[in-house]
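**Student:** If you read the sequences in order, they're chains D and V. According to my numbering, the first sequence is numbered sequentially starting from 168. According to my numbering, the second sequence is numbered sequentially starting from 168. One structure coming up, written as structure tokens, with questions to follow.
Number of protein chains: 2
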Amino acid sequence: MSVILLNHIDEVKSNIKEWKKDNLKVGLVPTMGALHAGHASLIKKAKAMCDKVVVSVFVNPVQFGPNEDYDKYPRTIEKDKQLCEEIGADIVFAPSAKEMYGENVNLSNTELTYVCPPYNYIDCLCGKSRPGHFDGVATVVTKLFNIVQPDFAFFGQKDAQQLFIIKKMVKDLNMNLEIIPCPIVRESDGLAMSSRNSYLSIEERKSALSISKALFEVEKLYNKGITDSNILFDTAVSVLDKKLELDYLEFRDFNTFEKVDKISKNTLTAIAVKIGKTRLIDNIILG
Amino acid sequence: MSVILLNHIDEVKSNIKEWKKDNLKVGLVPTMGALHAGHASLIKKAKAMCDKVVVSVFVNPVQFGPNEDYDKYPRTIEKDKQLCEEIGADIVFAPSAKEMYGENVNLSNTELTYVCPPYNYIDCLCGKSRPGHFDGVATVVTKLFNIVQPDFAFFGQKDAQQLFIIKKMVKDLNMNLEIIPCPIVRESDGLAMSSRNSYLSIEERKSALSISKALFEVEKLYNKGITDSNILFDTAVSVLDKKLELDYLEFRDFNTFEKVDKISKNTLTAIAVKIGKTRLIDNIILG
Chain D
168 MSVILLNHID EVKSNIKEWK KDNLKVGLVP TMGALHAGHA SLIKKAKAMC DKVVVSVFVN
228 PVQFGPNEDY DKYPRTIEKD KQLCEEIGAD IVFAPSAKEM YGENVNLSNT ELTYVCPPYN
288 YIDCLCGKSR PGHFDGVATV VTKLFNIVQP DFAFFGQKDA QQLFIIKKMV KDLNMNLEII
348 PCPIVRESDG LAMSSRNSYL SIEERKSALS ISKALFEVEK LYNKGITDSN ILFDTAVSVL
408 DKKLELDYLE FRDFNTFEKV DKISKNTLTA IAVKIGKTRL IDNIILG
Chain V
168 MSVILLNHID EVKSNIKEWK KDNLKVGLVP TMGALHAGHA SLIKKAKAMC DKVVVSVFVN
228 PVQFGPNEDY DKYPRTIEKD KQLCEEIGAD IVFAPSAKEM YGENVNLSNT ELTYVCPPYN
288 YIDCLCGKSR PGHFDGVATV VTKLFNIVQP DFAFFGQKDA QQLFIIKKMV KDLNMNLEII
348 PCPIVRESDG LAMSSRNSYL SIEERKSALS ISKALFEVEK LYNKGITDSN ILFDTAVSVL
408 DKKLELDYLE FRDFNTFEKV DKISKNTLTA IAVKIGKTRL IDNIILG
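Have a look at this one:
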């Protein structure tokens with residue numbers, strides 16, 4: 168059967184209703200489109216675990232700051248649909264902003280109900296330089312969960328803070344689904360897959376390669392027995408291309424998300440940089 | 168069949184799961200217990216509309232301010248269960264705070280995911296004198312919705328702002344249920360039913376009677392053709408017992424919740440007062 172492209176919430180809900188009647192397990196892969204091999208791995212995982220798979224494609228305005236790349240974020244719905252078709256997803260849900268938030272709606276928290284992750288979870292890492300971002304993410308993900316009512320939802324480990332926040336939200340609000348984290352997919356040279364990689368010039372692309380190189384160097388030293396975060400930090404920074412502007416490079420416990428000084432198994436090493444106007448993130452879980 | 172009292176989320180969820188398999192319609196009546204005839208009317212309505220009825224009884228700590236009556240709020244679970252039994256509810260869900268929020272949990276928004284209603288909807292009426300209250304309400308109601316997964320949830324019109332905020336939340340977050348508003352139930356002398364009426368001394372009870380009197384006076388004048396909010400405000404205030412401390416008396420459009428100067432059909436006249444340490448609210452919809 169072919170994948171179907173739906174733009175309206177009601178259409179999705181009525182499909183889901185039929186599936187639920189037949190007791191089918193539903194998987195959701197929430198994306199902003201511009202699908203790449205990283206997304207493909209999520210969709211394949213969903214396909215393997217669920218009877219029906221919904222891929223949402225929505226560039227969510229409320230998770231972008233005023234000076235961020237909402238307008239220029241790549242939109243490639245035909246290609247996205249094609250990929251979903253090839254992997255065997257059942258529905259591509261690609262609503263408009265109007266469909267999701269209503270017409271002429273003021274998208275601020277004065278006019279819309281928001282889901283707000285705990286302050287301690289957002290006042291760090293990407294949240295620090297993107298105020299409001301994770302409120303927007305938690306809100307749209309809640310909406311998608313309510314629309315699709317999945318048994319499983321699939322999130323990439325690349326957005327580690329997002330994954331952590333979504334898991335916390337599901338627990339705190341007693342949501343009826345399980346979050347399935349999926350490993351980072353990389354280009355053959357090590358660069359983490361990202362829709363934002365398409366922004367990079369050839370020169371920038373070369374510089375960006377030093378991000379994953381820095382993480383792999385941390386891993387190498389950790390595997391040799393070095394656990395002092397200061398040493399690992401300095402090493403990573405020395406590997407980074409000088410054209411990169413470092414936003415953060417942090418070591419956190421993968422389970423509690425607390426900062427650690429001494430690196431151990433399950434330490435998340437997370438990095439964010441700016442290259443020109445492009446912001447890229449990457450991370451590695453040690454051990 | 169007898170009503171069953173459940174204290175654990177998992178127990179409720181597994182009951183609901185069975186019901187859903189049989190395609191039964193589930194109704195939820197969220198309460199803080201100390202049930203009175205107002206609650207009874209909600210449960211009866213739920214019983215009439217649904218195959219299965221869950222009454223939640225939970226004094227929710229996160230919707231009380233630090234100087235409010237969380238500790239002294241009446242708790243009468245045996246009587247509550249009895250009433251639910253008589254009306255024919257199926258489950259009384261009475262979790263502990265620990266069950267709902269976890270052990271040793273800091274209940275602030277630094278550690279917990281909150282659902283936050285729009286600022287314009289909470290920065291007025293009861294929200295103005297109860298900062299954080301409606302965040303706590305929206306959060307616990309979302310949790311209860313996710314636990315019980317009702318087709319219908321029943322809310323009293325007495326908490327008009329709460330009802331408005333919950334309806335907005337359901338719409339904004341695409342929740343899969345319908346909110347059923349139920350009319351205010353009054354004592355024979357007109358006082359709106361409230362669990363907090365039990366706080367009142369005999370003297371205070373007499374003063375409190377002037378709250379509904381003031382609203383009925385507004386209604387009488389409106390029915391005579393008086394639509395100027397200033398006149399109606401002054402009349403209402405003149406009826407109020409002098410021992411009452413007025414928090415607000417406002418005229419708002421029942422559908423948009425915007426303030427109105429000229430009263431018309433569907434104008435909500437809402438009032439909040441303090442009598443001694445007790446805060447009481449009441450309202451009337453004109454026309």
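Don't be surprised by glycine CBs; every beta carbon is placed ideally from N, CA and C. Predicted model only: the values in this text are computed from it and were never measured.
Output yes or no for whether 7 Å exceeds the beta carbon distance between residue 220 of chain V and residue 257 of chain V.
**Tutor:** Against the second sequence, residue 220 of chain V aligns to sequence position 53. Against the second sequence, residue 257 of chain V aligns to sequence position 90. Against a cut-off of 7 Å, the Cβ pair of residue 257 of chain V and residue 220 of chain V comes out as a contact.
**Student:** Leaving aside the five residues before and after residue 303 of chain D along the sequence, list all residues of the same chain whose C-beta is less than 7 Å from its C-beta, in chain order.
**Tutor:** By one-based count along the first sequence, residue 303 of chain D stands at place 136. Cβ neighbours of residue 303 of chain D beyond the five flanking positions: 227, 229, 230.
**Student:** Hey, out of V:273, V:217, V:207, V:337, whose CA is closest to residue 252 of chain V's CA?
**Tutor:** As a working note, residue 252 of chain V is residue 85 in the second sequence. It is V:207 whose Cα lies nearest to the Cα of residue 252 of chain V.
**Student:** May I ask which residues mark the beginning and end of the alpha helix (DSSP H) holding residue 401 of chain V?
**Tutor:** The residue you call residue 401 of chain V lines up with position 234 of the second sequence. Residue 401 of chain V -> alpha helix (DSSP H) spans 396 to 406.
**Student:** Unbroken alpha helix (DSSP H) runs of length 4 or more, entirely within the stretch 272 to 300 of chain D: which are they?
**Tutor:** Fully enclosed alpha helix (DSSP H) runs of 4 or longer: 286 to 289, 292 to 296.
**Student:** Identify whether residue 426 of chain D lies in helix, strand or coil by the three-state DSSP scheme.
**Tutor:** Against the first sequence, residue 426 of chain D aligns to sequence position 259. If DSSP states are grouped into helix, strand and coil, residue 426 of chain D belongs with the strands.
**Student:** Apart from the five residues just before and just after residue 305 of chain D, which ones in its own chain have a Cβ nearer than 6 Å to its Cβ?
**Tutor:** If you number the first sequence from 1, residue 305 of chain D lands on position 138. Excluding residues within five positions, the ones whose Cβ falls inside 6 Å are 282, 284, 336.
**Student:** Mind checking the stretch 271 to 291 of chain D against chain V and listing, in chain order, the residues whose C-beta falls within less than 7 Å of any C-beta there?
**Tutor:** The residues in question are 276, 277, 278, 279, 280, 281, 282, 283, 284, 285, 286, 287.
**Student:** How about residue 115 of chain D and residue 421 of chain D: do their beta carbons lie closer than 7 Å?
**Tutor:** Chain D is shown only over 168 to 454; residue 115 of chain D falls outside these bounds and no answer can be derived.
**Student:** Taking residue 307 of chain D as the reference, give the member of V:445, V:393, V:340 with the closest Cα.
**Tutor:** Within the first sequence, the letter at position 140 stands for residue 307 of chain D. Selected option, being the one with the closest Cα: V:340.
**Student:** Is any beta-carbon of chain V found at less than 7 Å from that of residue 310 of chain D?
**Tutor:** For the purposes of this step, residue 310 of chain D is identified with residue 143 of the first sequence, where counting begins at 1. So yes, residue 310 of chain D belongs to the interface.
**Student:** Does DSSP classify residue 454 of chain V as helix, strand or coil?
**Tutor:** Position 287 of the second sequence, counted from the start, is the residue given in the question as residue 454 of chain V. Three-state DSSP puts residue 454 of chain V in coil, outside helix and strand.
**Student:** Could you spell out the range, first to last residue, of the alpha helix (DSSP H) harbouring residue 330 of chain V?
**Tutor:** Here the question's residue 330 of chain V lines up with position 163 in the second sequence. Looking at the DSSP string, the run of the alpha helix (DSSP H) that includes residue 330 of chain V is 327 to 339.
**Student:** Under 7 Å, Cβ to Cβ, is there at least one residue of chain V near residue 216 of chain D?
**Tutor:** Here residue 216 of chain D refers to the residue found at position 49 of the first sequence. Cβ-Cβ to chain V under 7 Å: no for residue 216 of chain D.
**Student:** Using a Cβ cut-off of 7 Å, which residues of the stretch 324 to 349 of chain D contact any Cβ in chain V, in chain order?
**Tutor:** Under the 7 Å Cβ criterion, the stretch 324 to 349 of chain D contributes 335, 336, 339, 340, 341, 342, 343.
**Student:** Against chain D, with Cβ distances strictly below 7 Å, would residue 182 of chain V count as a contact?
**Tutor:** In the second sequence, residue 182 of chain V corresponds to position 15, counting from 1. No, residue 182 of chain V lies away from the interface with chain D (no Cβ there is under 7 Å from its Cβ).
**Student:** Would you mind telling me which residues of chain D sit closer than 7 Å to residue 313 of chain V, beta carbon to beta carbon, in chain order?
**Tutor:** On the second sequence, residue 313 of chain V is found 146 positions in, with the first residue counted as 1. Correct list: 340, 341, 342, 343.
**Student:** Would residue 349 of chain V and residue 321 of chain V be called neighbours here (beta carbons separated by less than 7 Å)?
**Tutor:** Here residue 349 of chain V is taken as the residue at index 182 of the second sequence, counted from 1. Here residue 321 of chain V is taken as the residue at index 154 of the second sequence, counted from 1. Their beta carbons are under 7 Å apart, which means residue 349 of chain V touches residue 321 of chain V by this criterion.
**Student:** What residues in the stretch 175 to 205 of chain V bring their beta carbon closer than 7 Å to a beta carbon of chain D?
**Tutor:** Taking 7 Å as the Cβ-Cβ cut-off against chain D, the residues of the stretch 175 to 205 of chain V that qualify are 176.
**Student:** I think residue 140 of chain D touches residue 262 of chain D, with their Cβ atoms under 8 Å apart; what is that distance to the nearest whole Å?
**Tutor:** Because chain D spans 168 through 454 in this model, residue 140 of chain D falls outside it and cannot be assessed.
**Student:** What is the DSSP secondary structure of residue 414 of chain D, counted as helix, strand or coil?
**Tutor:** As a first step, residue 414 of chain D is located in the first sequence; it is residue number 247 there, counting from the start. Three-state result, residue 414 of chain D: strand.
**Student:** What are the partner residues of residue 218 of chain V, as DSSP defines its beta bridges?
**Tutor:** As a first step, residue 218 of chain V is located in the second sequence; it is residue number 51 there, counting from the start. Paired residues: none, contrary to the question.
**Student:** Report the residues of the stretch 229 to 250 of chain V with a CB closer than 8 Å to any CB of chain D, ordered along the chain.
**Tutor:** Cβ contacts with chain D come from no residue of the stretch 229 to 250 of chain V.
**Student:** With distances taken Cα to Cα, identify the nearest neighbour of residue 175 of chain D among D:211, D:232, D:344, D:315.
**Tutor:** Looking up residue 175 of chain D in the first sequence gives position 8. Out of D:211, D:232, D:344, D:315, D:315 has the C-alpha closest to the C-alpha of residue 175 of chain D.
**Student:** Assuming residue 367 of chain V and residue 445 of chain V form a contact by the criterion Cβ under 8 Å, report the distance between their Cβ atoms to the nearest whole angstrom.
**Tutor:** Looking up residue 367 of chain V in the second sequence gives position 200. Looking up residue 445 of chain V in the second sequence gives position 278. At roughly 6 Å, the Cβ-Cβ gap stays under 8 Å, so residue 367 of chain V and residue 445 of chain V are in contact.
**Student:** Return the first residue and the last residue of the alpha helix (DSSP H) that residue 185 of chain D is part of.
**Tutor:** Taking the first residue of the first sequence as 1, we reach residue 185 of chain D at position 18. Element bounds for residue 185 of chain D: 176 to 188.
**Student:** So for residue 192 of chain D, helix, strand or coil by DSSP?
**Tutor:** Against the first sequence, residue 192 of chain D aligns to sequence position 25. Correct three-state label for residue 192 of chain D: coil.
**Student:** Under a three-way DSSP split, which group does residue 369 of chain D fall into?
**Tutor:** As a working note, residue 369 of chain D is residue 202 in the first sequence. Three-state result, residue 369 of chain D: helix.
**Student:** For the ligand NAP, is there any heavy atom lying closer than 6 Å to the beta carbon of residue 316 of chain V?
**Tutor:** The ligand content of the structure shown is nil, which means the ligand NAP is not present either.
**Student:** Does the distance from the C-beta atom of residue 385 of chain D to that of residue 403 of chain D stay below 7 Å?
**Tutor:** Along the first sequence, one-based indexing puts residue 385 of chain D at 218. Along the first sequence, one-based indexing puts residue 403 of chain D at 236. A contact, by the Cβ cut-off of 7 Å.
**Student:** Ignore the nearest five residues each way along the sequence and tell me which others in residue 406 of chain D's own chain have a CB closer than 7 Å to its CB.
**Tutor:** Indexing the first sequence from 1 puts residue 406 of chain D at position 239. Closer than 7 Å at Cβ, skipping near neighbours: 377, 380, 381, 384.
**Student:** According to the neighbour-count rule (16 or more other Cβ atoms, all chains shown, within 10 Å of its Cβ), is residue 296 of chain V buried or exposed?
**Tutor:** Position 129 of the second sequence, counting from 1, holds the residue named residue 296 of chain V. So residue 296 of chain V ends up on the exposed side.
**Student:** Would you check if the stretch 198 to 218 of chain D and the stretch 265 to 276 of chain D touch, i.e. whether three or more CB-CB distances between them fall below 8 Å?
**Tutor:** No, the stretch 265 to 276 of chain D is not in contact with the stretch 198 to 218 of chain D.
**Student:** What three-state label does DSSP hand residue 393 of chain D in the structure shown?
**Tutor:** Walking along the first sequence from the start, residue 393 of chain D turns up at place 226. Here residue 393 of chain D sits in coil by DSSP.
**Student:** Taking the C-alpha atoms as reference points, what is the distance between residue 323 of chain D and residue 326 of chain V?
**Tutor:** Within the first sequence, the letter at position 156 stands for residue 323 of chain D. Within the second sequence, the letter at position 159 stands for residue 326 of chain V. Looking at the two C-alpha atoms, the distance is approximately 42 Å.
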